[in-house]
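Here the protein sequences come in this chain order: A and B. Add 136 to the 1-based position in the first sequence for our numbering, that's all there is to it. Add 136 to the 1-based position in the second sequence for our numbering, that's all there is to it. Just so you know, even glycine gets a beta-carbon here, dropped at the ideal spot from N, CA and C. Quantities reported herein were computed from a predicted structural model and do not represent experimental measurements.
2 protein chains.
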Amino acid sequence: MALRDSWIEKRLSGEWQVAGGEQSGTTPSTHGNGTQASNGRNMSQMHFARQGAITEEMHYVAKREKLEPELVRSEVARGRMIIPANVHHGNLEPMAIGIASKCKINANIGNSATSSNIDEELKKLHHAVHYGADTVMDLSTGGNIPEIRKAIIDASPVPVGTVPVYEAISRVRRPEDLTFSLMLEVIEEQAEQGVDYMTIHAGVMREHVPFVRKRITGIVSRGGSLMAHWMEHHKKQNFLYENFDEICKVFKKHDVSFSLGDGLRPGCIADASDEAQFAELKVLGELTKKAWEHDVQVMIEGPGHIPMDKIKEQVDLEMEWCHEAPFYTLGPLVIDIAPGYDHITSAIGAAMIGWYGASMLCYVTPKEHLGLPNPDDVKQGVIAYKIAAHAADLARHRPGARDRDDALSYARFLFDWNKQFELSLDPETARAMHDENLPDDFYKEAKFCSMCGPKFCSMSITQMAEAESGQDQAERKQKFAELLVKVQGAGG
Amino acid sequence: MALRDSWIEKRLSGEWQVAGGEQSGTTPSTHGNGTQASNGRNMSQMHFARQGAITEEMHYVAKREKLEPELVRSEVARGRMIIPANVHHGNLEPMAIGIASKCKINANIGNSATSSNIDEELKKLHHAVHYGADTVMDLSTGGNIPEIRKAIIDASPVPVGTVPVYEAISRVRRPEDLTFSLMLEVIEEQAEQGVDYMTIHAGVMREHVPFVRKRITGIVSRGGSLMAHWMEHHKKQNFLYENFDEICKVFKKHDVSFSLGDGLRPGCIADASDEAQFAELKVLGELTKKAWEHDVQVMIEGPGHIPMDKIKEQVDLEMEWCHEAPFYTLGPLVIDIAPGYDHITSAIGAAMIGWYGASMLCYVTPKEHLGLPNPDDVKQGVIAYKIAAHAADLARHRPGARDRDDALSYARFLFDWNKQFELSLDPETARAMHDENLPDDFYKEAKFCSMCGPKFCSMSITQMAEAESGQDQAERKQKFAELLVKVQGAGG
């Protein structure tokens with residue numbers, strides 16, 4: 137039985153007790169496992185939170201984040217935090233995205249028409265989760281899309297997001313053949329399968345499309361470009377905007393969270409922070425309020441390519457116009473001239489936007505702009521983004537965030553090489569780099585590495601200087617031991 | 137004959153005409169090549185600048201930076217820009233470090249006692265310069281140090297910096313055997329050999345050492361720790377501080393620039409921006425004024441490990457206390473837990489500090505904290521720092537800085553894959569990543585890559601959407617062609 141099955145079953149069966157006393161005993165009772173339909177009842181975390189209830193998912197999140205459960209509840213109720221947790225994703229280990237919790241990262245996986253298969257995608261999922269992705273998005277656009285997605289959801293302990301328009305497009309001959317009823321059908325199927333959040337490009341309006349003509353790189357969101365093409369072809373308004381309530385009805389039944397897509401995000405530095413992007417952002421704010429009327433959870437997608445001096449403005453405007461719904465950004469990349477290294481160009485922007493207040497950072501791999509990432513690209517992207525998110529947590533002074541850094545720094549100064557590797561984001565790589573020149577076990581306690589050699593290690597010389605003035609390393613050793621218990625005792 | 141030989145010969149021979157009319161005809165004339173001694177005359181760029189003279193080096197820099205020569209002169213005179221250009225480094229292609237010019241990067245090369253040889257170091261030099269390092273530092277601490285350095289200076293078109301205390305230490309049995317006269321001897325020899333700038337740890341004072349005991353990682357500058365050890369052993373003040381004028385006299389004769397070392401820079405996030413670091417920074421400001429009294433050029437070294445929220449303060453204080461002398465920082469790293477990826481953790485901090493006003497960024501390679509970098513590590517470090525410095529130039533809105541980004545973005549939108557690779561910081565890597573899935577020549581004009589496949593490329597769909605409304609790509613093609621002339625015509 138999966139972690140959440142009994143929680144959800146209880147909630148569906150009417151045993152659920154809302155904090156404050158009101159019993160939800162009128163809910164139709166179900167038999168069997170918790171993945172049954174909710175028969176129209178609102179199952180969203182936001183709905184429970186607004187009724188004053190602290191769900192098991194909220195308790196779980198509170199423990200992970202070292203926050204008070206009531207704070208989690210109130211943030212979810214306010215819309216400033218989301219817990220993407222589809223009732224059909226039983227083996228999910230609930231996590232939260234929001235300014236009150238640690239900065240999160242997402243890894244995109246999924247195939248395209250030219251490459252990949254299920255095994256390769258499951259390998260990517262494994263790499264992503266192993267190196268620390270907090271959510272994954274399955275962006276498959278080729279092959280048997282529902283089958284790949286089912287395999288990913290079944291195997292994933294982290295929330296799974298999708299962009300349903302990809303599957304919808306795969307079912308029509310030309311993009312202009314898309315209809316809302318087909319989209320809704322796909323959305324419902326994916327919701328029933330257990331997708332935790334979905335990117336919906338409901339904010340790209342027909343009147344925004346002319347703004348794009350001034351740009352160098354036009355529209356760089358696949359969903360955004362598909363909607364623009366559809367609107368230009370039919371001379372009609374965005375059907376996702378016009379039928380937004382219908383989508384909310386599906387979402388609240390299964391507790392799918394919105395990731396309101398930034399279909400007009402800038403695709404290069406020249407296009408950053410332009411009329412098109414900001415016009416859409418305002419509509420996303422309007423849609424946020426609509427979703428919240430249904431108690432449906434929302435986060436807002438953000439760019440993309442933004443120079444450093446314009447990053448803060450992105451967060452400030454998102455918070456103002458989108459009512460502080462969690463901001464979920466792709467990078468942003470801070471330059472355009474480094475294809476092959478865009479995990480780095482974007483980690484710079486991601487760290488900064490996380491510091492300024494974004495709640496989740498969508499990774500970019502070294503392959504961005506060049507091809508579909510393979511499992512090693514996924515690893516490189518995830519690690520670059522663990523760095524960015526952790527840098528953001530340190531800069532925001534999150535309680536306890538620095539403990540692991542401090543422990544590693546003690547290990548470094550005290551020449552405990554094995555602990556230094558263990559405390560690293562990627563122990564195997566750290567160890568391999570050290571061992572490239574000095575492989576022998578002897579060097580795991582040596583007071584130097586090959587960078588400076590035995591005569592020039594500054595930390596070793598500092599210890600000599602301290603010895604000259606009568607200081608030993610007992611105090612540092614004591615503090616190191618205490619930190620290790622705190623960091624590794626708590627599961628690292 | 138090397139680029140600068142005739143310039144320097146002219147200046148030594150008395151042919152030099154100071155702008156404004158005053159002829160410097162009293163200078164003793166020399167015969168032969170320009171690498172002869174200056175017989176005690178002040179040969180520093182700052183000295184000429186302050187006399188109102190625009191040297192050939194300043195003209196050269198003005199052309200490279202697209203600045204007015206008079207602006208370069210006045211910035212050098214003011215001390216806000218330096219042109220590290222030892223009169224004995226004839227084949228140097230002069231460059232500038234300062235807030236008015238583009239953000240620069242330095243690559244550290246050099247061996248240690250445990251590894252490396254001359255060929256390997258020349259390979260590192262080649263990689264560093266090929267991928268765009270603006271200066272290199274030879275930090276060799278083992279083997280035949282003067283021989284390695286000579287080979288590097290002879291081969292290097294970019295300024296070469298050193299840390300002379302390393303060679304001095306290699307000549308004594310124990311660090312405490314160091315004397316000022318030995319240091320001065322080494323400094324003079326290196327100056328005569330053509331070293332363009334030297335790190336001198338004259339700001340670490342005896343009274344600062346106790347501050348370090350509270351730190352997790354003590355002193356992480358090799359020079360800083362050696363001076364601290366020497367002071368603690370002898371119970372005496374820093375001999376570099378006490379004999380600073382003697383060093384200035386050597387420097388002005390050969391035009392060596394100071395890189396005033398931050399011997400007490402923090403070595404971990406916990407130690408960032410502490411009493412020790414700031415106490416030393418204030419002394420560096422005092423020494424800057426002393427050096428300027430000799431018309432000797434100065435830049436100030438900076439940290440190290442600093443969380444994002446404290447980076448701006450570093451620049452603000454440096455500018456205030458060190459009178460706007462160019463700031464030359466190592467990273468900073470914004471977290472401590474990613475050994476093996478510290479080129480990324482530090483590129484984040486480097487980009488930000490460059491935006492805030494640092495003039496040169498000393499790279500960090502993936503091997504930092506783990507071992508001596510090999511040539512591929514040098515490449516990875518240089519590219520990460522080209523990204524950081526370029527991001528800083530974009531964020532500071534340097535005129536023309538974005539042209540190459542815009543050209544590459546047009547290439548991207550117009551599916552000119554070959555131009556996209558050409559305009560990249562590392563064309564071979566970009567091409568190889570693209571070709572991993574789609575190697576055929578046919579795909580070099582394809583309207584997709586393997587990331588999205590033929591049906592899902594947002595840029596291709598945008599072009600379809602624009603075609604629906606009657607827009608073709610003629611205007612973008614025209615602008616792309618114009619930018620290409622500007623970017624590639626000017627040497628890329």
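- For V356(B), the neighbours in chain A by C-beta distance under 7 Å run, in chain order, S594 and M595.
- As DSSP reads the structure, C588(A) sits in no beta bridge.
- Counting only the Cα atoms, F347(A) lies some 19 Å from L550(B).
- If you check the CB distance, S395(B) and C404(A) do not come in under 7 Å.
- Closer than 7 Å to the CB of K503(A) there is at least one CB belonging to chain B.
- Assignment of E211(A) by DSSP, reduced to helix, strand and coil, places it in the helix class.
- Using a Cβ-Cβ cut-off of 7 Å, A427(A) does not count as an interface residue toward chain B, since no Cβ of chain B sits closer than that to its own.
- Put simply, of H224(A), E454(A), E321(A) and M444(A) the residue whose alpha carbon is nearest the alpha carbon of E422(A) is E454(A).
- CA-to-CA, the gap between V208(B) and G246(B) works out to about 31 Å.
- In summary, D313(A) is exposed, with fewer than 16 beta-carbon neighbours lying within 10 Å of its beta-carbon over all protein chains present.
- Note that the C-beta distance between K515(A) and N178(A) is not below 7 Å.
- The beta carbon of P475(B) falls within 7 Å of a beta carbon belonging to chain A, placing the residue at that interface.
- S594(B) counts as buried, since no fewer than 16 other beta carbons sit within 10 angstroms of its beta carbon.
- The bridge partners DSSP lists for V434(A) are F394(A).
- When C-beta distances to chain A are compared with 8 Å, the residues of the segment 533–550 of chain B below that value are H533, R538, R540, D541, D542, L544, S545, Y546, R548 and F549, in chain order.
- Excluding residues up to 5 positions away in sequence, F347, K350, R351 and P402 lie with their Cβ nearer than 8 Å to the Cβ of D410(B) in the same chain.
- Not flagged as an interface residue toward chain B: E303(A), since no C-beta distance is shorter than 7 Å.
- Contact with chain B is found for D472(A), since one of that chain's Cβ atoms lies less than 7 Å from the residue's Cβ.
- Straight-line spacing of the CA atoms in P230(B) and E201(B) works out to 11 Å.
- For D472(A) and A185(B), the gap between their C-alpha atoms comes out near 37 Å.
- By the CB criterion at 7 Å, A415(B) and H344(B) fall inside the cutoff.
- Shown here, S248(A) sits in a strand according to DSSP, grouped into three states.
- Residue range V296 to T298 is occupied by the beta strand (DSSP E) that includes V296(B).
- For T424(B), not one C-beta of chain A is nearer than 7 Å to its own C-beta.
- Interface annotation, L561(B): in contact with chain A, CB-CB separation under 7 Å.
- Per the coordinates, the alpha-carbon of E504(A) lies some 12 Å from the alpha-carbon of R548(B).
- For L417(B), the enclosing alpha helix (DSSP H) starts and ends at E411 to E429.
- Look at Q607(A): its C-beta is under 7 Å from a C-beta on chain B.
- In terms of beta-carbon proximity, R349(B) lines the interface with chain A, with at least one pair separated by less than 7 Å.
- Only residues of its own chain outside the window of five on either side were considered, and among them P563, A566 and R567 have a CB closer than 7 Å to the CB of F557(A), listed in chain order.
- Residue pairing by DSSP puts K240(A) in a beta bridge opposite M496(A).
- For S248(B), the nearest CB of chain A lies under 7 Å from its own CB, placing it at the interface with that chain.
- Here DSSP, grouped into helix, strand and coil, assigns Y464(B) to strand.
- About 21 Å separates the beta carbons of V419(B) and M182(B), which is beyond the 8 Å limit, so they are not a contact pair.
- S495(B) and V434(B) do not touch by the CB rule: their CB atoms are close to 12 Å apart, not below 8 Å.
- At a beta-carbon threshold of 8 Å, the residues of chain A lying near V345(B) are A601 and S605, ordered along the chain.
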